[in-house]
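This report refers to the structure that appears directly beneath it.
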Amino acid sequence: MGQVIAIANPKGGVGKTTTTINLGAGLGNLKQKVLLVDLDIKANLTIGLGIERENIKKGIFDILLKEAEIKDTILNFKRFDLIPNNCFQKQALSDSHYCMEELKKHLDLLKDEYDYILIDTGPVMGVLLDMALYASDSVLIPTECQYFSYDGIKIMINKINAIQNEKTKIKENLIVEGILLTKFDNRNLFSYEMAENIKEIVANKVFKTVINYSSHLQEASSMGKDVLSFSYNSIGSREYRLLAKELLERKENN
Ligand SMILES: Nc1ncnc2c1ncn2[C@@H]1O[C@H](COP(=O)(O)OP(=O)(O)OP(=O)(O)O)[C@@H](O)[C@H]1O
Ligand SMILES: [Mg+2]
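Numbered by my numbering, the letters in the sequence shown go through residues -8 to 245 in order.
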């Protein structure tokens, strides 16, 4: 049975989309069947995989509005599949509660086919984030090691706790999968200090793997590729492959 993980942090630019693409590729590289779902209205995940906005034929909104079958929206890549985002082609969702249930229903069914479903979310505490969280089993929170990083982590953890306390019929459980330190600047002592501070507040939830600042990760998405396909032996590729391994090992040990 597959696992649905939302990649979320209301702070912008912390590496959510980069993590969705490259963790997805890392898991695919370990022979896991992976589906990426683009739930950010900016469609950065879709575009970061080399698809031009105007070439997105069908996407997640067609599924939610019952205008397409899920299989007709899925695009295949070497190490994962993708459901693109086409929110910008559609009107706003009128019944968000209905869409929440609809997304969860579809992804629950896809858990029979995929080992991991990773949902990329945007830097907004809105309907799309709620939809992602209600459809997910856990949340991976990427964060930079900067002073204001606490806020994003705290907001996410409070939100997850609120959902856990709701115990509605559509959502029984939601856990923090882990906090991922991203864009780490290993030449800057302040980054180390901030990393230690983050570990103090969320102790055992921080992934051992740290994603260092890497130009390969930036170049890969500008070329519309995951970093394993762009430069398999680069540090960015190695770190996301290690993260995938750590995630799998955690699952086996639970
Ligand atoms: N480890 C890294 N090293 C260097 N640059 C990185 C790294 N991770 C991400 N970036 C770059 O930082 C920028 C923001 O990354 P990304 O788009 O993944 O963040 P995001 O959290 O998804 O942003 P948003 O909140 O806008 O959706 C991008 O230009 C990306 O290439
Ligand atoms: Mg993003």
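A virtual CB, placed ideally from N, CA and C, is assigned to each residue, including glycine. Owing to the predicted nature of the structure, the values given are computational and were not obtained by experimental measurement.
Ranking ASN156, ASP142, ARG229 and LYS2 by CA distance to the CA of TYR125 puts ASN156 first. Residue side-chain check: LYS2 keeps its Cβ at 7 Å or more from all non-hydrogen atoms of ligand 2. A direct Cα-Cα distance of roughly 8 Å separates GLU237 from LYS199. Annotated three-state conformation of GLN23 is coil, per DSSP. Spanning the alpha carbons of ILE32 and LYS48 requires a straight line of approximately 15 Å. Non-local C-beta neighbours of ILE144 in its own chain, meaning closer than 8 Å and more than five positions away in sequence, comprise ASN0, ILE132, THR134, ILE170, ILE189, ILE192 and VAL193, ordered along the chain. For LYS102, the CB contacts under 8 Å within the same chain, skipping 5 residues up- and downstream, are MET(-8), GLY(-7), GLN(-6), VAL(-5) and ILE108 in chain order. Relative to the non-hydrogen atoms of ligand 1, the Cβ of LYS216 never comes closer than 7 Å to any of them. Remark: fewer than three beta-carbon pairs, one from each stretch, lie closer than 8 Å, so the stretch 113 to 129 and the stretch 13 to 21 are not flagged as touching.
With respect to the 8 Å criterion, ILE74 and GLY50 are classified as neighbours on the basis of their beta carbons. Exposure of GLU58 is indicated by the presence of fewer than 16 other C-beta atoms within 10 angstroms of its C-beta.
In the three-state reduction of the DSSP assignment, GLU240 falls in the helix class. Per the DSSP secondary-structure output, GLY169 pairs in a beta bridge with LEU131.
Counting C-beta pairs closer than 8 Å gives fewer than three between the stretch 19 to 28 and the stretch 194 to 214, which falls short of the contact rule. In the three-state scheme derived from DSSP, where H, G and I count as helix and E and B as strand, LEU66 is classed as strand. In this structure, the C-beta of VAL5 approaches ligand 1 to less than 7 Å from one of its heavy atoms. DSSP places LEU101 inside the alpha helix (DSSP H), whose first and last residues are 87 to 101. By the 16-neighbour rule on beta-carbons within 10 angstroms, LEU180 is exposed. Distance from SER225 to SER212 at the Cβ level is roughly 13 Å; contact not present, criterion being Cβ atoms closer than 8 Å. DSSP places TYR125 within a helical segment (H, G or I) once states are collapsed to three.
Beyond the five residues adjoining it in sequence on each side, ASN13 comes within less than 6 Å, by CB distance, of ASP217, VAL218 and TYR231 in the same chain, given in chain order.
Per DSSP, reduced to three states, the secondary structure at ASN152 is helical.
For GLN137, there is no enclosing beta strand (DSSP E), as DSSP marks it with neither H nor E. Shown here, ALA16 sits in a helix according to DSSP, grouped into three states. Exposed is the label assigned to TYR89, since fewer than 16 other Cβ atoms lie within 10 Å of its Cβ.
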